[in-house]
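Contents: one structure, followed by commentary.
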Amino acid sequence: MTRPYSDSDRAQAGEMSVGELIGNISDDLSRLFRQEVELAKAEVKQEATKAGKAAGMLGGAGFAAYLAVVLLSFALVFALANVMDAGWAALIVAVIWAVIGAVLYTVGRKQLATVDPMPRRTVDTIKEDAQWLKNPTG
């Protein structure tokens with residue numbers, strides 16, 4: 000096991016004043032905080048890159064699904080046009096899609112109403128930390 004400080008460091012620390020020691024601790028904490036922030040930035044950037052690639056692929060999949068739905072809708076119109084007028088067939092397919100759209104809108108709106116944009120647990124934790132910093136002993 001290696002020691003973090005050599006004997007000369009300890010001897011020098013014995014000669015340092017309390018103010019210098021506190022200053023050194025403050026500098027070390029500041030440097031540590033900056034390094035942690037840089038590490039967090041690097042991690043977030045790496046994850047954002049992965050998320051961007053995944054979002055691009057999902058976007059492509061969504062576009063392909065959209066094209067499939069459009070072409071299947073045309074196929075349904077043409078199939079119905081074999082047994083009725085083409086205008087009525089197109090109207091029937093449009094009404095089906097209107098109903099699907101209304102259902103999706105209603106379900107999505109209900110789910111959106113349950114979304115809480117405030118990170119409540121994080122806010123509570125920050126409040127607790129602030130309270131502790133004001134009164135660390137009690």
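The C-terminal residue of the sequence shown carries number 137 in numbering that gives the first Met the number 0, and the numbering is unbroken.
By construction, the Cβ of each residue, glycine as well, lies at the ideal position given by its N, Cα and C atoms.
Out of the options, state which residue places its alpha-carbon closest to the alpha-carbon of residue i.
| i | options | result |
| --- | --- | --- |
| I91 | F62, T105, L57, F73 | F73 |
| V69 | A47, T48, W96 | W96 |
Are the CB atoms of residue i and residue j nearer to each other than 9 Å?
| i | j | result |
| --- | --- | --- |
| V76 | A63 | no |
Leaving out five residues on either side along the sequence, give the residues of the same chain with a beta carbon under 6 Å from the beta carbon of residue i.
| i | result |
| --- | --- |
| A89 | V76 |
| K126 | none |
| R120 | none |
In terms of residue numbering, what span does the alpha helix (DSSP H) encompassing residue i cover?
| i | result |
| --- | --- |
| E14 | No alpha helix (DSSP H) holds E14; DSSP gives it neither H nor E. |
| T105 | 85-112 |
Mind checking if residue i is an interface residue toward chain C, Cβ cutoff 9 Å exclusive?
| i | result |
| --- | --- |
| E37 | The chain inventory of the structure shown lacks chain C, comprising one protein chain alone. |
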